[in-house]
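I have placed the structure first, in the form of structure tokens, so that the comments after it can refer back to it.
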Amino acid sequence: MSSQRSNNNLSNGTFGPNYAGTNSQGNHWIHRGPSLADGGSFRYTNADGSLYYQNDNGSTYYESHDIVVYTPPHANPRTFH
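Residue numbers (UniProt numbering): 1 to 81.
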């Protein structure tokens, strides 16, 4: 897995410094900072065109073609309770 460090600000807020890379499956990821959920706040843009986010409040969002799944923070098993 390749990765790089970036001090860029993302369009939905200032999170820097950020880490980004592309894994062996061709999925691009950005780690955006801390989160109330294990793993931090991140975004995956997958090679199949799907998107997966884990937000700083622990909620998750998945979008693939016509499917959209939102998980609130309390329903994310990785969120610290």
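Just so it is clear, CB atoms sit at the ideal spot from N, CA and C, and this is done for glycine as well.
- [ ] Could you pull the start and end residues of the beta strand (DSSP E) that G54 belongs to?
- [x] For the purposes of this step, residue 54 is taken as residue 54 along the sequence shown, with counting starting at 1. Looking at the sequence shown, residue 54 is not Gly but Gln. Taken as a continuous stretch (DSSP letters only), the beta strand (DSSP E) holding Q54 covers L51 to Q54.
Task: Where the beta strand (DSSP E) containing R32 begins and where it ends - done: Start at 1 with the first residue of the sequence shown, and residue 32 comes out as number 32. Annotation: the continuous beta strand (DSSP E) that includes R32 extends over H28 to G33.
TODO: Mind reading off the beta-carbon distance from Y52 to N46? Whole number of angstroms is fine, and I expect it under 8 Å.
DONE: Within the sequence shown, residue 52 is the residue found at index 52, counting from 1. Within the sequence shown, residue 46 is the residue found at index 46, counting from 1. That belief holds up - the Cβ atoms of Y52 and N46 are roughly 7 Å apart, short of 8 Å.
TODO: Please classify S59: is it buried, with 16 or more other beta-carbons within 10 angstroms of its beta-carbon, or exposed?
DONE: Counting from 1 along the sequence shown, the entry for residue 59 is found at position 59. Buried, since its Cβ has 16 or more Cβ neighbours within 10 Å.
- [ ] Taking only the alpha-carbon atoms, compute the straight-line gap between A20 and H28 and give it to the nearest angstrom.
- [x] Translated into positions along the sequence shown, residue 20 becomes position 20. Translated into positions along the sequence shown, residue 28 becomes position 28. Distance from the CA of A20 to the CA of H28, rounded to the nearest whole angstrom, comes to 7 Å.
Task: Identity of the residues DSSP links to R43 by a beta bridge - done: Position 43 of the sequence shown, counted from the first residue, corresponds to residue 43. In the DSSP output, where bridge partners are listed per residue, R43 has I30 and Y53.
- [ ] Below 7 Å CB to CB, which residues in the same chain sit around Q25 once its five sequence neighbours on both sides are set aside?
- [x] Against the sequence shown, residue 25 aligns to sequence position 25. Here the set comprises A47.
- [ ] Excluding the 5 residues preceding and the 5 following N76 in the sequence, name in chain order all residues of the same chain whose CB lies nearer than 8 Å to its CB.
- [x] As a first step, residue 76 is located in the sequence shown; it is residue number 76 there, counting from the start. Here the set comprises A37, Q54, G58, S59 and T60.
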